[in-house]
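Following our numbering, the numbering of the sequence shown begins with 15 at its first residue and continues without gaps. Each residue gets a CB set at the ideal place from its N, CA and C atoms; glycine is no exception. Structure first, then comments.
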Amino acid sequence: MECPRCGKKSKVTSFTYPKIFECEACGLIFLDLPNCLVDE
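The structure is reproduced here in structure tokens:
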């Protein structure tokens with residue numbers, strides 16, 4: 015899944031629903047839901 019902030023590939027950190035992704039490039043954490051960012 016591409017990071018919505020920087021466009022690089024992100025990794026899945028949780029396979030529960032919704033999936034949680036973390037971008038290794040910019041550190042953004044986001045969920046596999048439309049328009050749902052968890053910015054920490």
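Residue nearest to residue i in terms of C-alpha spacing, selected from the options
i, options, result
"Pro22", "Asn49, Pro48, Glu36, Asp46", "Reading off the sequence shown, one finds Lys at residue 22, where the question assumed Pro. Selected option, being the one with the closest Cα: Glu36."
Close-in-space but distant-in-sequence residues of the same chain around residue i (CB under 6 Å, 5 per side omitted)
i, result
"Cys40", "Arg19, Cys20"
"Pro32", "Leu45, Asp46, Leu47"
Alpha-carbon to alpha-carbon, residue j and residue i
i, j, result
"Met15", "Ser24", "6 Å"
"Glu42", "Val26", "The question names Glu, yet the displayed sequence has Leu at residue 42. Using only the alpha carbons, I get a separation of about 12 Å."
Beta-carbon proximity list for residue i, same chain, < 7 Å, skipping 5 on both sides
i, result
"Ser28", "Ile34"
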